[in-house]
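Just so we're aligned, residue 96 is where the sequence shown starts under this note's numbering, counting upward by one.
C-beta atoms are modelled at their ideal positions from N, C-alpha and C, and glycine is treated no differently.
Accompanying notes for the structure given below.
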Amino acid sequence: MSAAPGSKGKVLLAYSGGLDTSCILVWLIDQGYEVLAYMANVGQEEDFEEAREKALKVGASKVFIEDLRRELVEELVIPTIQANAVYETV
């Protein structure tokens with residue numbers, strides 16, 4: 096997959112749909128980059144379709160939304176519990 100003609104190249108932006116990442120998305124486009132947005136579903140309450148629409152509306156050429164809930168639990172949460180990890184002395 097090559098960058099769009101006239102583009103400096105492609106950038107994959109970790110996108111939240113909030114003000115900060117929406118502004119940087121526009122700024123990157125203004126700098127001459129083709130921007131692809133990436134979102135990870137790790138179980139948070141998020142309207143992913145609304146965020147997808149917003150990213151495309153402000154100029155992302157493509158939006159990737161990946162469901163990483165299983166990976167989060169299997170690769171991070173379970174090993175953390177098995178290791179008896181402590182968070183802030185709790």
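* **Pick from L114, I124, P100 that is closest to L107, judged by C-alpha positions** => I124
* Asked: Run through DSSP, which three-state label would V121 get?
  -> helix
* To do: State the Cα-Cα distance for the pair K149 and G112, rounded to the nearest angstrom.
  => 7 Å
* **Alpha-carbon to alpha-carbon, M134 and N179** => 30 Å
* Closer than 6 Å by C-beta to A132: which residues in its own chain qualify, once you throw out the five before and the five after it? Chain order, please. => L108, Y110, A150, A155, V158
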